[in-house]
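As structure tokens, the structure follows; a few thoughts come after it.
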Amino acid sequence: MIGALLDEVRSFLEDLRSEFPGMFAPARPVPPRAAPPARPRPGRLACGERRRRAETELRETLARRLAFWCGKMDLRYHKLRIKDQSTRWASCSKKGNLNFNWRLLWAPPEVLDYVIVHELCHLVEMNHSKRYWAQVAVWCPDYKKHRKWLRVHGRDLGRGARPGPGSAGHALDVDRDLHLVAQQGAAGV
Ligand SMILES: [Zn+2]
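This note's numbering applies: residue 1399 is where the sequence shown begins, and numbers increase by one.
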């Protein structure tokens, strides 16, 4: 019964198809979905390359400035590392390893020097006590100005042109970073 009915429908459709070919779109094979490209998109690639170059350049600058400040302050650090930290400009571990954010490449030289002095002072004082800041002030009397610069312009570093004095930005939270790092037994900017 049902089979006969189906045959009837089928033959009806066949007739329709032959009479009105335009009504039925020819069956088109569905192309297999293209696999996503294995390599990163050009934008990402350029970004990674940009960061790599910035790291290399910053490492050279930091090594030079650290040598200068270590000589002056009579201090020694263990290792220098460039990192992609989203909440810290730099940090100093108990082992004497210094970590710097790659975006510091775009900081003015005097601000970079302040960050260096800040970390080197942590080799002596692993805190942000009054005694610690007094040490920073000995080597970097304008440190408050540089801290403020980082607070105001820090967010713009590495995101296009060097920020001008009028540009507004949100700085990384210096004091909050300190607390985060202090819990891990290190100190950061
Ligand atoms: Zn610090």
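Glycine included, each C-beta is placed from N, C-alpha and C at the ideal position.
For residue 1445, the closest of 1500, 1466, 1471 by C-alpha to C-alpha distance is 1500. Under the DSSP assignment, residue 1479 falls in the beta strand (DSSP E) whose first and last residues are 1478-1481. The C-beta distance from residue 1508 to residue 1587 rounds to 15 Å, too long to meet the 8 Å contact threshold. Counting only residues of its own chain and dropping the five nearest sequence neighbours on each side, residue 1468 has a CB closer than 8 Å to the CB of 1474, 1475, 1518. In the three-state DSSP reduction, residue 1490 falls in the strand class (E or B). Out of 1521, 1462, 1463, 1515, the CA that lies nearest to the CA of residue 1491 is found in 1521. Beta-bridge annotation (DSSP): residue 1498 is paired with 1480, 1488.
According to the DSSP assignment, residue 1504 belongs to no alpha helix (DSSP H), since it is labelled neither H nor E. Within its own chain, the residues whose Cβ lies closer than 6 Å to the Cβ of residue 1544, once the five positions on either side in sequence are excluded, are 1509, 1512, listed in chain order. At the C-beta level, residue 1480 and residue 1466 stay beyond 8 Å of one another. 8 Å or more divides the Cβ of residue 1496 from the Cβ of residue 1452. DSSP places residue 1541 inside the alpha helix (DSSP H), whose first and last residues are 1541-1551. In the three-state reduction of the DSSP assignment, residue 1587 falls in the coil class, being assigned neither a helical nor a strand state.
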